Amino acid sequence: MVQDAIDLVNQGHQTIKIKLGLNPIEDIKRVQAIRHAVSNSITLLVDANQGWSYEDALKVIDSL
Numbered sequence: 001m002v003q004d005a006i007d008l009v010n011q012g013h014q015t016i017k018i019k020l021g022l023n024p025i026e027d028i029k030r031v032q033a034i035r036h037a038v039s040n041s042i043t044l045l046v047d048a049n050q051g052w053s054y055e056d057a058l059k060v061i062d063s064l
């Protein structure tokens with residue numbers, strides 16, 4: 001997924017939507033890895049597709 005994000009940035013994309021929602025801890029790691037790879041050069045959107053509980057959503061949001 002990180003390489004996909006890098007490729008999209010290299011193609012000129014300014015925003016990337018990341019599908020999440022299976023595992024909150026892994027989702028945080030995934031977003032952080034992508035952010036690290038593309039720095040602050042683009043906007044990242046996340047979509048958990050109702051895969052997190054309310055409590056998990058709050059934890060993930062605080063972590064990002």
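Count the sequence shown with full-length UniProt numbering and you get residues 1 to 64, in order. From the three backbone atoms N, C-alpha and C, an ideal C-beta is built for every residue, glycine too. Source: prediction; values computed, not measured.
*Using CA coordinates, which residue listed in 21, 55 and 6 is at the minimum distance from residue 15?*
6
*Where does residue 45 fall in DSSP's three states?*
strand
*Could you tell me the distance, in whole angstroms, from the CA atom of residue 37 to the CA atom of residue 59?*
23 Å
*Name the two residues that bound the continuous alpha helix (DSSP H) containing residue 3.*
2-10
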